[in-house]
Amino acid sequence: MLREGKQQWNEYYPALTDLQEDVSSKHGYVLCQENGLPIAYGAVIIGKEPAYNNQECQWLSIATPYIVVHRLAVADEVRNKGIGTHFMLEVEQMAVKNGIASIRIDTNHDNGHMLRLLARLKFTRCGNIHYPKGGTRIAFEKTIAQQ
């Protein structure tokens, strides 16, 4: 993202320690090709995100826990090939399997890839959230029909 001039990620975030924490807490998920090469990564957290306790957001669901997705990244060589969609559809299946009512995610205003992905997957914009060191992000939610 930094190479593209986007402001959401920079040389300090996400740091290696963020990814190590994801893995040690069992929140880090990797999507691999059939040959085993990783092509996407995301932190998928069942619980609550403190930054989402925000009066500016009109969430669709008050149910907790919900799934939070952070740090979703797709390898450059497979961009625009549906990999982000596939990753997020796997997250939706995780929600169904665990009886979770919704998925929440946030992104920067200039992250066109993520904004298009969320629109395509029918996420609803719920407002803005503020991270003390990360600035303002647009918050989205999608409710998940349980089977």
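Just so we're aligned, residue 4 is where the sequence shown starts under this note's numbering, counting upward by one. Cβ atoms here follow ideal geometry from the backbone N, Cα and C, with glycine treated the same way.
**Request:** Give every residue of the same chain whose Cβ lies closer than 8 angstroms to the Cβ of Q61, excluding the five residues on either side of it in the sequence, and list them in chain order.
**Result:** C129, G130
**Request:** Grab the span of the beta strand (DSSP E) containing E144 for me, first residue to last.
**Result:** 138-146
**Prompt:** For L101, which of helix, strand or coil comes out of DSSP?
**Reply:** Looking at the sequence itself, residue 101 is Asn, so the reference to Leu does not match. DSSP places N101 in helix when its eight states are reduced to three.
**Prompt:** When you compare only the Cα positions, how much space is there between A98 and L124?
**Reply:** 15 angstroms
**Message:** Suppose the cutoff is 6 angstroms on Cβ atoms and the five residues either side in sequence are ignored; what does the same chain contact list for I48 look like?
**Reply:** H30, V71
**Item:** Cβ neighbours of Y55 in the same chain (closer than 7 angstroms, five flanking residues each side left out)
**Value:** R107, I132, A142
**Prompt:** Which residue from A104, Y134, K84, E144 puts its Cα closest to that of P53?
**Reply:** Y134
**Asked** Within 10 angstroms of its Cβ, does L5 collect 16 or more other Cβ (buried), or is it exposed?
**Response** Because L5 sits at a pLDDT of 43, beneath the cut-off of 50, its placement in the model cannot be relied upon, and the point is left open.
**Asked** Are there 16 or more other CB atoms within 10 angstroms of the CB of L75, so buried, or fewer, so exposed?
**Response** buried
**Ranges of the alpha helix (DSSP H) found wholly within the stretch 79-130, counting only runs of at least 4** = 86-101, 115-123
**Request:** Return the CA-CA distance between I86 and L92, expressed in angstroms with no decimal places.
**Result:** 10 angstroms
**Prompt:** Should A104 and S64 be called a contact, given that it needs their Cβ atoms to be closer than 9 angstroms?
**Reply:** yes
**Asked** Are the CB atoms of H116 and R82 nearer to each other than 9 angstroms?
**Response** yes
**Item:** Strand pairing of A66, partner residues [DSSP]
**Value:** Beta-bridge pairing links A66 to no other residue.
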